[in-house]
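Residue numbers (the numbering used here), protein chains in the order written: chain A, 1 to 438; chain W, 1 to 438. For each residue, glycine too, the CB sits at the ideal point set by N, CA and C. It should be emphasised that the depicted structure is a prediction, and the values quoted were computed from it without experimental measurement. Have a look at the structure below before the remarks.
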């Protein structure tokens, strides 16, 4: 009989209990697949007495996660506490220092301390696995870390937050306002009571910073990101996108450009027929553009207890088989500081929605400012609203103008819009949505 | 300096030369990622003097693939000869017997001899990697073998043949007949001079048999497959599918049912909004349904020199890192003979297109026969063709009738159609296309 892989598991929330359930259900299969049994021998969680619907009778209870992490009775440590600070950080650090492989689902920890922790893992010659941290059950970490070992990656982008995609899907389908949709998502449990972390793009940003490190061999660095959430998206934008052949998705995009590596999170117009545009509701998707081959897209459940547990268990199985892969696919000595491309120098097409004053010369004034900044327009649509329900068209009120530009720079667009504002031909704030081509 | 991984490579066609080019281009990156350099030290191919645009000056030439496979000067063997017979089979066998890990892109070899070769690999405790054999650059083998180690899989299905998907895409978009489309595909190099292997579904079948083994832990067994190609698909079917909210794709489907494991390749109606329906042209895609989680879909280039080389090089990198995973994810002793579910017992919805004689009572006669066999209809559409260009409608000629059934069995459908034929109310052959729901 081969010795089992003895696990210490910290954190018994939805994911932790799902992992224990899955390990139990698949005990025999996993033992056969990995050549040795996998056993949870010790656990820790904030509250010992909570009822969790799993049998922990034969499992040792340890009160301190850090003590559990370096406990001589465990072979590997599974961190499902969450958060980028202690005790998660201290526990993962302690386990790696003690030469114990670690599996974690903690994106915040990886995004903030991934580079440092990779160094500790490498020094000990052990594994730090985190498939569940990005896209849950979607095997994107394994794909970038192992499946595309021989490829040079140019761009990786995706829908990495289920809450935002769910909201954009419902807003588009049902013409719901952002506010109504958010209340509904909160009621149904698809959005948190405090939704900031999701809807402002921070969750996507953490995941993207991990993908960027894997794709480009840079040090994970969330401060290198440009982040814009979905709170400004209106049904008017979704309708305009539809009419123009696009859908709006919150994308995280990491891209190698001549000016460095762009890492940006923002609402994005994607062509309706693209693979990424088909991804609806809470589903996540990641596309990888590698040199010399067509894009590879992975689609699947990006959240949920079982989907996350599925990735955690696969990571545990890799450890049981003795696999050790560099944390970010390369030795830490080869991970370069990310050469951040400034957002002003981003190049691409733009969708611009303005409320123009309805008087002669407005469209011409706007077009002139864009031309002055070297921006070519693919289309300009000025929509006179229909007459109000009760009578004749209101004259002189603001009229929506929608512009689609050819590839230009963020800087030029910002400057042109400032000039347009100076001309006092528009009212309110201009809406700006970047276009991403396949 | 760590010792390099010395490769012997057999087969210098498009894929072989692409592998050598990619290994050269990524020499330094791969050495860093794997902790050791990777070097092709010896090669073999049918013709030594062919110009291949790669520098083989410092590479030893071996005339016999089998001799190369067990050459003491190599650490691992890369088989890119192709075919399910010798020399590919003998060479792979010799390498594994000699304890040398093998990387191959050879689906035919795996489909026919995968179980036996897995046994040889296991006996030697070495790896047999074949990511490139299914879906080229799409990391589906790694996903099933490692990424979903802890999951119970219910169904795996996909678009596994680029030629068929290219043809169905063009037929649908341009309303081309099968014959015209095939000529065009041949002219453009998307179909072989003898296209049988692709268009009759045999290529898909080989790949599916490998996926089924990985997904269900069964012995790979191409004889367990039901195979039907795309040659009977007409523009009438594609138009009807479109009107009914479907697209027609050649799918390979392996599914665990109460009656055993179904392995079937056939043209399939898939809902237009499904992920698989969006996959166009030569792109491939595979969806995995695992218990307890939403489906995972992988989309990407399923053929081509670079896409295939990308997978081969990733497999080589795994070997350089010392990874050994069971060939089909489990020890060979656990691979069960596949319990074939007979096609007559397949359950699902059906699309049936008949040419009915245009006389009173025909539709009623057809409906009666279906009801007699316990088949419920979701819809029945009888389309009177418009009047011919020159005059009045031809009376009494055949009229297309399109039926969509609710879930029923293949057996019931076959028997009902035989009864309808016996009634002499239809002319010609009935078209039957299975419907696959997400």
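For a Cβ distance threshold of 7 Å, residue set 321 of chain W lies close to residue 325 of chain A, ordered along the chain. Put simply, the backbone Cα of residue 50 of chain A is about 41 Å away from that of residue 263 of chain A. Here the region 216 to 234 of chain A makes contact with the region 190 to 207 of chain A; the two share three or more CB pairs at distances below 8 Å. Comparing alpha carbon positions, the residue from W:10, W:116, W:32 closest to residue 326 of chain W is W:116. In the pairwise beta carbon analysis, the region 36 to 45 of chain A is classified as not touching the region 100 to 113 of chain A: fewer than three pairs are separated by under 8 Å.
In this structure, residue 366 of chain A places its C-beta atom within 8 Å of the C-beta atom of residue 420 of chain A.
The CB of residue 170 of chain A never comes closer than 7 Å to any CB in chain W; the least such distance is about 16 Å. Within the region 261 to 279 of chain W, contact with chain A at the beta-carbon level (separation under 9 Å) is assigned to 273, 274, 275, 277, 278, 279. Judged by DSSP secondary structure, residue 44 of chain W falls within the beta strand (DSSP E) whose first and last residues are 38 to 44. Note on residue 63 of chain A: under 16 other CB atoms within 10 angstroms of its CB, so exposed under the neighbour-count rule. Taken through DSSP and simplified to helix, strand or coil, residue 207 of chain A comes out as helix. Residue 334 of chain W belongs to the set of residues whose beta carbon lies under 8 Å from a beta carbon in chain A. Among the residues of the region 133 to 149 of chain W, those with a Cβ less than 7 Å away from any Cβ of chain A are 137, 138, 139, 142, 143, 146, 147, 148, 149, in the order of the chain. DSSP places residue 50 of chain A in the coil class of the three-state scheme, outside both helix and strand. Residue-level contact by beta carbon holds for residue 306 of chain W and chain A, with a gap shorter than 8 Å. Within the region 323 to 390 of chain W, the complete alpha helix (DSSP H) runs of at least 4 residues fall at 362 to 372. The residue among W:378, W:35, W:411, W:8 with its C-alpha nearest the C-alpha of residue 244 of chain W is W:378. Here residue 166 of chain W carries a helix assignment [DSSP, helix/strand/coil].
Per the coordinates, the alpha-carbon of residue 206 of chain W lies some 6 Å from the alpha-carbon of residue 107 of chain W.
Proximity of residue 298 of chain A to chain W, defined by a Cβ-Cβ separation below 8 Å, is satisfied. Taking 8 Å as the cut-off, the Cβ atoms of residue 436 of chain W and residue 144 of chain W do not count as close.
Per DSSP, residue 114 of chain W lies in no beta strand (DSSP E) segment; the continuous alpha helix (DSSP H) that holds it begins and ends at 107 to 124. DSSP places residue 307 of chain A inside the alpha helix (DSSP H), whose first and last residues are 305 to 320. Among the bridge pairs identified by DSSP, residue 128 of chain W is matched with W:102.
Against residue 235 of chain W, chain A offers no close residue; the least beta-carbon distance is about 21 Å (beta-carbon pairs closer than 8 Å). For residue 431 of chain W, the enclosing beta strand (DSSP E) begins and ends at 426 to 435. Residue 24 of chain W counts as exposed, since fewer than 16 other beta carbons sit within 10 angstroms of its beta carbon. Look at the region 28 to 46 of chain W: the residues with a C-beta under 7 Å from a C-beta of chain A are 30, 32, 33.
For residue 65 of chain W, the number of other beta carbons within 10 angstroms of its own is at least 16, and it is reported as buried. For the region 172 to 198 of chain A, there are no residues whose beta carbon sits under 7 Å from a beta carbon of chain W. At a cut-off of 8 Å between C-beta atoms, residue 126 of chain W does not count as an interface residue with respect to chain A. Considering only A:83, A:226, A:319, the residue with the shortest C-alpha distance to residue 125 of chain A is A:319. At least 8 Å separates the beta-carbon of residue 329 of chain A from that of residue 160 of chain A. Using a 10 angstroms sphere on the CB of residue 87 of chain W, the tally of other CB atoms reaches 16 or more, which defines it as buried. As the crow flies, the alpha-carbon of residue 369 of chain A is around 49 Å from that of residue 118 of chain A. Our two residues, residue 72 of chain W and residue 14 of chain A, have alpha carbons roughly 52 Å apart in a direct line.
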